[in-house]
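> Residue numbers (the working numbering), protein chains in the order written: chain A, 1 to 243; chain B, 1001 to 1243. Even for Gly, the Cβ is constructed at its ideal location relative to N, Cα and C. Got a structure for you, written out below as C-alpha cells; questions coming shortly.
2 protein chains.
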Amino acid sequence: MIKLILFDLDDCLFDITELGSYARAEALNEMIKYGLKVDFKTGLAMLREVVSEYGSNHPGHFNIVLTRLKSLYPESLGNIPEEKLVAAAVIAYHRVKVRNIKTFPDVVPFLIKVRKNYPQIKIAILTDGIPVKQFEKILRLRIDSYFDDIIISDDIGIRKPNPRLFSYAVDKMKVGLEETLMVGDRIDNDIIPARSINIHTVLIHRETKYDVDKDQVRDSQPEFEIRSLSELFPILENLKGKK
Amino acid sequence: MIKLILFDLDDCLFDITELGSYARAEALNEMIKYGLKVDFKTGLAMLREVVSEYGSNHPGHFNIVLTRLKSLYPESLGNIPEEKLVAAAVIAYHRVKVRNIKTFPDVVPFLIKVRKNYPQIKIAILTDGIPVKQFEKILRLRIDSYFDDIIISDDIGIRKPNPRLFSYAVDKMKVGLEETLMVGDRIDNDIIPARSINIHTVLIHRETKYDVDKDQVRDSQPEFEIRSLSELFPILENLKGKK
C-alpha cells in the first residue's frame, strides 16, 4: 500500500529542457539584435557548450560566452559594452522563462485526482537545486498548494543521488520505505538511489535531456515506466495488495 | 557653448524611489499572502530599515527581513520555509519592476528635441551602480539609442562623488569642462563634484529620495535648478554666448 509519492521537479513536472533551450535561444537573438556579430548557429552552439561545461546553475553563462567570443573572434563585440549585451540577454531570458513556464499537461489533472481519490496518500516534491530558485519555479507553476511537503536537497545538505536524501524524506513524512513511490526522469539521480533503499520506483519518459530510451541498456531498471502521470493510477492499484 | 550634457540615471531620468518602494510593498504583501504573520505596516517599516542599513544594492533584503522577524517574533514564519517566502517576494518584486519601469514623462520628448535642434550637443548617461543592472534599466526604459555614450562608474573603478569620474567622462567625449552640463538630482553626488572641476550644473527636482527643498540650506549651490527637462532649453541658450 503506497502512502507517499515523491516527485522530482525539473523535467518531471515541467519541461525545463525545452524552456531553458528556448530562453537561451531568445537571449542570443537579443544580443545579436543589439549588435553582437556572431552567426546564430555558432553562438547557440557556444552557449550550449558553456552551459554544459559550467553547469546549468552557473550565474555567468552570458559573460562566459562573450569572453569566449572575444578571444575567438576579436571583432564580434565591436564597441558595444559587454554589460549591455549581458543585460539584453538577461531581460530576454527572464521574459521567456516567466511567460512560458508551465506544468506538463498531465500534472494538475493528476494532482487533483490523486487528492480526491487517494486522500490517504501524501505527495511531496524531492528536488536538487538552489532552494529559492526551486521555490520560484514551484510558485510560478502554481502547484505548491497540492503538495504536503517540498524537500530541496540543499536545505538538508544531501544531494541526489545520495540515498540518505530519500530516506530523510520518507522519515520526515512518517511512512515506510516500501510505502513510498519515487517518480523521476533520471535513472542515475532518481531511480538508482530510491531502489537501493527499497523505495518503489517509476521512471517517467518526458523526451527531455536525461530521458533514456525504453530499449536502451541501463545500469539499473525501474519497477515501472510511464509516459503520463495518469499511468500512476493502475500502479497504485497494483501496489495496493503489497505490504 | 555647451557641447555635452551628462545625465544621472536613477531618480533623474526615471523614478526609482517610487518604483522600488512600490515593488517592496508588493513583495511584502505577497509574503503575507503566503502566510507570513506580520502586520503590513510593521513589515514595511522593517524592510525599509533593512534597505537603508544594508544599502539598496544588497541582494539579500528579504532574507534579512525574515531573519530579523524570526528573532523578534519567533512565531511569524510558522512552518513556512523561508526560501518559499523569499521566492514569493522576489517574483512580486520583479514583476512590479518589469511592468512599471518608465521614464519621467519629460524625458523622451526632451531627448527627441535636443537631438533635432542641437545636433552638435552630445548626450551621455553618467551613473553609479552595478553595470549589468544599470544597462538592464536603460534597456527596459528603451532610451539607450538616444545617448552617445553610457558611462557606469564601476566600469571605470571610480565612483561618484569622485570628480575624476566626471573628468574621465568629459575627456572620453572629447569636449571641455566648461562645455559640459551635468544634470542630476543629488547635491552631494552630482552637483558638488561637477562644480569642483568647473562643469556647469543643473539640479533637477523630482520629489524623490534625495530631492532637496529649494529653500533648504545646502553645502553647495547648483548654477541652475529645474523641475522638468524642458527647462534645459533656455539654459542651453543662456550658456550659448559663454565660452
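Could you please give me the residues that DSSP links to A124(A) through a beta bridge?
In DSSP, A124(A) forms a bridge with L6(A) and D149(A).
> Compare the C-beta of E1083(B) with all C-beta atoms of chain A and state if any pair is closer than 7 Å.
So yes, E1083(B) belongs to the interface.
> Helix, strand or coil, according to DSSP, for T208(A) in the structure here?
Note: T208(A) maps to coil in three-state DSSP.
> Find the residues of chain A that neighbour A1087(B), judging by a C-beta separation of less than 7 Å, and give them in chain order.
V132, F135, E136 and L139, listed in chain order.
> With 16 other CB atoms within 10 Å as the buried threshold, where does L66(A) fall?
Buried: at least 16 other Cβ atoms inside 10 Å.
> Within 10 angstroms of the Cβ of A194(A), are there 16 or more other Cβ atoms? Answer buried if so, exposed if not.
By the 10 Å Cβ count, A194(A) comes out buried.
> In chain B, what lies closer than 7 Å to V50(A) by C-beta?
Going along chain B, no residue has its Cβ under 7 Å from V50(A), so there is no contact; the nearest lies around 17 Å.
> If the cut is a Cβ gap below 8 Å, which residues of chain A does I1091(B) touch?
The contacting residues are E136, L139 and R140.
> Just curious, the beta strand (DSSP E) that L1272(B) is in, first and last residue?
Nothing can be reported for residue 1272(B), as the shown portion of chain B is limited to 1001 through 1243.
> Would you mind stating whether E1026(B) and V1132(B) have Cβ atoms separated by less than 7 Å?
No, they are not a contact pair.
> Measure the alpha-carbon distance for I32(A) versus L77(A) and round it to whole angstroms.
For I32(A) and L77(A), the distance between alpha carbons rounds to 10 Å.
> On a CA-only basis, which of I199(A), D144(A) and M46(A) is nearest L165(A)? Give me that one, please.
Looking at the Cα atoms, I199(A) is the closest of the given residues.
> How long is the line joining the alpha carbons of V50(A) and N63(A), rounded to whole angstroms?
Near 10 Å, if we compare the C-alpha coordinates of N63(A) and V50(A).
> Cβ of T1127(B) within 7 Å of Cβ of Q1120(B)?
Cβ atoms of T1127(B) and Q1120(B): not closer than 7 Å.
> Secondary structure at R239(A), three-state DSSP: helix, strand or coil?
It is worth fixing the name first, because residue 239(A) is Leu in this sequence and not Arg. Three-state result, L239(A): coil.
> Return helix, strand or coil for E225(A), following the three-state DSSP convention.
Of the three classes helix, strand and coil, the one that applies to E225(A) here is strand, per DSSP.
> Candidates G35(A), D185(A) and A124(A): which alpha carbon is nearest Q221(A)'s?
Answer by Cα proximity: D185(A).
> Could you compute how far the alpha carbon of T1103(B) sits from the alpha carbon of Y22(A)?
Approximately 30 Å, taken between the alpha carbons.
> Identify every run of the alpha helix (DSSP H) within the region 17-84 of chain A, keeping only runs that are complete inside it and at least 4 residues long; order them along the chain.
Runs of the alpha helix (DSSP H) inside the region 17-84 of chain A: 40-54 and 61-72.
> Determine contact between the region 1034-1053 of chain B and the region 1209-1220 of chain B, defined as no fewer than three beta-carbon pairs at a distance below 8 Å.
Result no; under three Cβ-Cβ pairs closer than 8 Å.
> Would you mind sorting E1053(B) into buried or exposed? The rule is 16 or more other CB atoms within 10 Å of its CB.
Counting Cβ neighbours within 10 Å, E1053(B) comes out exposed, since fewer than 16 surround it.
> Would S1153(B) be called buried (16 or more neighbouring beta carbons within 10 Å of its own) or exposed?
S1153(B) should be labelled buried.
> Between which residues of its own chain and D1011(B) is the CB-CB distance below 7 Å, once the five residues before and five after are set aside?
These residues qualify, in order along the chain: T1017, D1185, R1206, T1208, K1209 and Y1210.
> Using DSSP bridges, identify the partner residues of T1014(B).
Reading off the sequence, residue 1014(B) comes out as Phe, not Thr. D1010(B) and T1103(B), per the DSSP bridge assignment.
> Cα-Cα, which of Y1093(B), E1082(B) and L1072(B) is closest to R1024(B)?
Of the listed residues, the one whose Cα sits closest to R1024(B) is Y1093(B).
> Which ranges would you report for the alpha helix (DSSP H) in the region 132-176 of chain A if only whole runs of at least 4 residues count?
Listed in chain order, the complete alpha helix (DSSP H) runs (minimum 4 residues) inside the region 132-176 of chain A are 153-156 and 163-172.
> Do V175(A) and I204(A) come within 7 Å of each other at the CB atom, strictly closer than that value?
For I204(A) and V175(A), no; Cβs fall outside 7 Å.
> Report all residues from its chain with a CB closer than 6 Å to the CB of G43(A); omit the five preceding and five following residues, and keep chain order.
The residues are L28.
> Is the Cβ-Cβ distance between D148(A) and K122(A) less than 7 Å?
Cβ distance < 7 Å, so D148(A) and K122(A) count as in contact.
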